[in-house]
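In our numbering, the protein residues as written are 742 to 1407.
Structure first, then comments.
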């Protein structure tokens, strides 16, 4: 028992009385306590209440309640949700006694990277592991459970230990045998934050580590880790946890904590977490702190900042039916109610996606209640697929860079879609240039501004009066300009119009007929993704100009590139990849893994389109436009025209266009 006495100079402060032990050495306790936590004496000189506090020696002071995500952190490989291929591989390695010397865990936040690393450290040091799983009963496992591990697991935060000095100190300590187990496990979180010099210092240890050392490197940005480090590790990519796995884990947590949640509430929490189990448990903890352990659907929606399902469904109905008055009224009412319009629009996009899936007959796996499924199923039967895709394009491209509560961007997008302003840009566009007015020669497009002379003309001689060109069809007859009478300048002007910017919208994608509704919806938002990436990085926007969405899933998007050089540049430049990922996450409303790939079929289609857009080298050239003045030669220009002419480079232009070059007009 510790005796207490008043402070000699402060009447309102109580300190432990110095206690002399049986040994000759006396220990004097000096405690610094914040004034807000000082024990207050009563008027009689004693502490208010039951007298001086009594704390047994060695007792731990009470701490605040542990948050749910830490309390329910997985302790075994079987407890890690949604990562069965990874945990099975690690468990077999532990059971066989062949763990690797270095692991690289990559993936989004809250998917179990750090927890798996801790379980691995516990399993390799367990003295009675069963099939690779820690027993949780041996002294080593008990030390892990109580936090009394000496040096069997050492966790480092690379964000605050990112320099070469810290890595050198770690290398020196790594040579010392562990005192409480067989392996010393270094768990380095956010390893991509290390400096280049620190990575170089770590490289030699990773290449030839001591036999008792295991490195676990965890990161959310694997592309920022040098390839020399990655090649020396076993890499495991943690994927986002699917919705049902998150719901099942939340149900276990809720049952263990005595939390009652209305049907559909856990699904709403899981959808809001977007595949991060830690975020989902944190959201459940917040809801309990706000409304208690009994949560109805209204409390869940209020705590998550969601809008009631009826309002999102009504706005989706107004969009596909182009009911301008109803839609603007709903948006205005949501703003007046203090609803975050950005979240509201995100929910409407989710409802429209569900509507598209139901319309295509692929909505069996959608997390919808019976009322929602019935209501949206009826609406899907009454709606055309084109209207749903148009509504997705209108709301999916919204950018809430400013105030997320401002309803004006959503109102403008809805009104534009309702009155048909977006239909022109959504329709296929002919990429041929508009012909010049009748009776006026075509505008020159060569560098010097002068039109090239015909192949048989010589420099310094006036052009012969050509025969009248063939009759050109007027705009009423189709609006197409015949390249036969336009010369090399008109061909370059057309090539520039067809090659600059995004791929022509008339180019049919190789798998357009077999594309799923999710893929169609993702491609409808591709122009928005490309523009947002261009705002972040001009290089990223240029490289995406010849790319398209190849595959789309809930947790990943494959971006297909026509050219190998474009793919290599995207993979090599971390800033470009970051701009693309941020643009995809902003457009889709959640972080999604971006996988750049080479799309051979798209490359072939693009090459065929470029070849068809350029005239054949053997095609006869039409007569030039009439000219009343002699044509002076350009300095350094040759009078030959066509691939066989000297100095024109026509074949080089065609080859360059075939490989994605963009002609530039000055």
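Backbone N, C-alpha and C fix where the C-beta goes; we use that ideal spot for every residue, glycine too.
Note that the structure is a prediction, hence the values are computed from the model and not measured.
- Here residue 1068 has 1056, 1059, 1060, 1155 and 1159 as same chain residues with Cβ atoms under 7 Å from its own Cβ, once five neighbours each way along the sequence are excluded.
- Counted as a single uninterrupted DSSP element, the beta strand (DSSP E) harbouring residue 1337 occupies residues 1334-1339.
- Taking C-beta atoms as the reference points, residue 1265 and residue 1089 fail to come closer than 7 Å.
- DSSP places residue 881 in the helix class (H, G or I) of the three-state scheme.
- C-alpha of residue 1157 to C-alpha of residue 1141: approximately 17 Å in a straight line.
- Under the 8 Å Cβ criterion, the region 1014-1034 counts as touching the region 843-859, having at least three qualifying pairs.
- Remark: C-beta atoms of residue 1084 and residue 1269 do not approach each other more closely than 7 Å.
- By the neighbour-count definition (other C-beta atoms within 10 Å, threshold 16), residue 1327 is a buried residue.
- Residue ranges of uninterrupted alpha helix (DSSP H) with 4 or more members, entirely inside the region 1027-1083 and ordered along the chain, are 1038-1045, 1050-1061 and 1065-1077.
- Separation of residue 871 and residue 1094 (C-alpha to C-alpha, rounded to the nearest whole angstrom) is 46 Å.
- A direct Cα-to-Cα measurement between residue 978 and residue 1153 gives close to 41 Å.
- Closest option to residue 1117, judged by alpha-carbon separation, among 1291, 1151, 927 and 1100: 1100.
- Listed in chain order, the non-local C-beta contacts of residue 931 below 8 Å within the same chain comprise 898, 899, 900, 959, 960 and 961, local neighbours out to five positions each way being set aside.
- The residues 936 and 939, in chain order, have a CB closer than 7 Å to that of residue 904 in the same chain once the five nearest residues on each side in sequence are set aside.
- In the three-state DSSP reduction, residue 917 falls in the coil class, being neither helix nor strand.
- Its Cα nearest to that of residue 991, the residue 1026 stands out among 1026, 882 and 1079.
- Counted as a single uninterrupted DSSP element, the stretch harbouring residue 1266 is not any alpha helix (DSSP H), since DSSP gives it neither H nor E.
- In summary, residue 1087 is buried, with 16 or more beta-carbon neighbours lying within 10 Å of its beta-carbon over all protein chains present.
- Residue burial annotation: residue 1315 is exposed, with fewer than 16 other C-beta atoms found within 10 angstroms of its C-beta.
- If you draw a straight line from the Cα of residue 1271 to the Cα of residue 1282, it comes to about 6 Å.
- Three or more Cβ pairs closer than 8 Å define a contact, and the region 875-888 falls short of that threshold against the region 906-918.
- Of 1052, 1149, 1148 and 1302, the smallest CA-CA separation from residue 1113 is found for 1052.
- With a minimum length of 4 residues, the unbroken runs of alpha helix (DSSP H) contained wholly in the region 818-859 fall at 825-836.
- Beta bridge pairing from DSSP links residue 954 with 925.
- Within the model, the alpha-carbon separation for residue 946 versus residue 1298 is close to 36 Å.
- Distance between residue 847 and residue 857, taken at the CA atoms: about 12 Å.
- Per the Cβ contact rule, the region 1003-1015 is not in contact with the region 825-834 (fewer than 3 Cβ pairs under 8 Å).
- Judged by their CB atoms, residue 976 and residue 845 are nearer to each other than the 7 Å cut-off.
- When the beta-carbon positions are compared, residue 956 and residue 834 stay at least 7 Å from each other.
- In the DSSP annotation of this structure, the continuous segment of the beta strand (DSSP E) that includes residue 897 starts and ends at 894-898.
- Taking the C-beta atoms as reference points, residue 1340 is found nearer than 7 Å to residue 1301.
- Considered as a whole, the region 1298-1332 harbours 1305-1313 and 1315-1329 as its complete alpha helix (DSSP H) runs of no fewer than 4 residues, in chain order.
- In chain order, 879 and 881 place their CB closer than 7 Å to the CB of residue 868, counting only its own chain and leaving out the 5 sequence neighbours on each side.
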